[in-house]
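Undergrad: In our numbering, the protein residues as written are 84 to 376.
Using N, Cα and C, we set each Cβ at its ideal position, and we do this for glycine too.
What follows is the structure, given as structure tokens:
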């Protein structure tokens, strides 16, 4: 037998006031979809899941209007998964909301929306999780949109600038002490440095100072810097530029003088690299002697 509920019954089941349920139906279109033969409205199981998910979204800090739009886009299966997973499902959905807001902000060239979405994700999840679960997936999607012409290069640059600002602000919340023992850079001809900035912000959260040498760093300059400063750890990022055999030999030699870690997809098959910011931070912290749980 199909389950159907009145406003009053669903209010008692979910602990949401009946006037609130009526407001959500009237103002946002989130309400009962079934009508009895007598014309009375009833909530179905999907309607109930939609209402329960909307309530969770609002509790997590999402404005009611945005929460309503979000739940109306979710399929019955997605709604059931969020409700069934409890807090974990809500957390995953919050990641998706952040991705959505960043992408939509890019499409609309709305810097404020992108900035706010990035900052909220960092505040709520921490730098590592925000990057791995929201910011990086959003930027990958934006890159695909740019490749097929759905957005222009200005949108991509806008998102980069906003995320960079959010990461810099996050790093400044964690003043570090002592000399910088870590060097962060991108390989020569690599134009992207946001992952390096994200790593620096995450290291700051754990109390480590770093030296950021940015993008497009010539190998000669890196070797000279390592020789003069003798850092404990060097991290190099490469996303689209595949280093040649000669460069790899020089990297191998560099790795004998310091702890060398590589990140990004621009390395040849078989070269050990980190695949997430969370993993990279853990690796570097171990190299720096941090006790990990």
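Any idea what DSSP makes of residue 248, helix, strand or coil?
TA: The residue you call residue 248 lines up with position 165 of the chain shown. In this structure, residue 248 counts as helix in the three-state DSSP scheme.
Undergrad: Can the beta-carbon of residue 370 be found less than 8 Å from the beta-carbon of residue 342?
TA: Here residue 370 corresponds to residue number 287 of the chain shown, with the count starting at 1. Here residue 342 corresponds to residue number 259 of the chain shown, with the count starting at 1. Yes, these two residues count as a Cβ contact at 8 Å.
Undergrad: Below 8 Å, how does it come out for the region 219-228 and the region 183-203: are there three or more Cβ pairs, yes or no?
TA: Segments in contact, yes.
Undergrad: Where residue 94 and residue 129 are concerned, what is the direct C-alpha to C-alpha distance, given to the nearest angstrom?
TA: Reading the chain shown from its first residue, position 11 is the one you call residue 94. Reading the chain shown from its first residue, position 46 is the one you call residue 129. Cα to Cα, the separation comes out at about 15 Å.
Undergrad: Where do the ends of the alpha helix (DSSP H) carrying residue 148 lie?
TA: Numbered from 1 along the chain shown, position 65 holds the residue referred to as residue 148. Residue 148 -> alpha helix (DSSP H) spans 147-156.
Undergrad: Can you grab the Cα-Cα spacing for the pair residue 192 / residue 228, in whole Å?
TA: By one-based count along the chain shown, residue 192 stands at place 109. By one-based count along the chain shown, residue 228 stands at place 145. Cα-Cα distance, rounded: 14 Å.
Undergrad: In or out: residue 137 buried (at least 16 other Cβ within 10 Å) or exposed?
TA: Sequence index remark: in the chain shown, residue 137 carries index 54 (1-based). It is buried - the Cβ of residue 137 has at least 16 other Cβ atoms within 10 Å.
Undergrad: Kindly indicate the opening and closing residues of the alpha helix (DSSP H) around residue 297.
TA: Locating residue 297 in the chain shown gives position 214, where the first residue counts as 1. Premise fails: residue 297 lies in the beta strand (DSSP E), 293-297, not in any alpha helix (DSSP H).
Undergrad: What separation, rounded to the nearest whole angstrom, lies between the Cα atoms of residue 150 and residue 110?
TA: Here residue 150 refers to the residue found at position 67 of the chain shown. Here residue 110 refers to the residue found at position 27 of the chain shown. Rounded to the nearest angstrom, the two C-alpha atoms are 12 Å apart.
Undergrad: If you check the beta carbons only, do residue 217 and residue 238 fall under 8 Å apart?
TA: Against the chain shown, residue 217 aligns to sequence position 134. Against the chain shown, residue 238 aligns to sequence position 155. The answer is no: Cβ separation not under 8 Å.
Undergrad: For residue 156, does the count of other Cβ atoms within 10 angstroms reach 16, so buried, or fall short, so exposed?
TA: Against the chain shown, residue 156 aligns to sequence position 73. Counting Cβ neighbours within 10 Å, residue 156 comes out exposed, since fewer than 16 surround it.
Undergrad: Touch check for the region 242-251 and the region 320-336: three-plus C-beta pairs under 8 Å?
TA: No, the region 242-251 does not touch the region 320-336.
Undergrad: Rounded to a whole number of angstroms, what is the C-alpha to C-alpha distance between residue 200 and residue 145?
TA: Numbered from its first residue, the chain shown carries residue 200 at position 117. Numbered from its first residue, the chain shown carries residue 145 at position 62. So the alpha carbons of these two residues sit roughly 11 Å apart.
Undergrad: Where DSSP assigns a beta bridge to residue 344, which residues make up the other side?
TA: What you label residue 344 is simply residue 261 of the chain shown in a count that begins at 1. BP columns for residue 344 point to 318.
Undergrad: In this structure, how does DSSP classify residue 263 when only helix, strand and coil are distinguished?
TA: What you label residue 263 is simply residue 180 of the chain shown in a count that begins at 1. Of the three classes helix, strand and coil, the one that applies to residue 263 here is coil, per DSSP.
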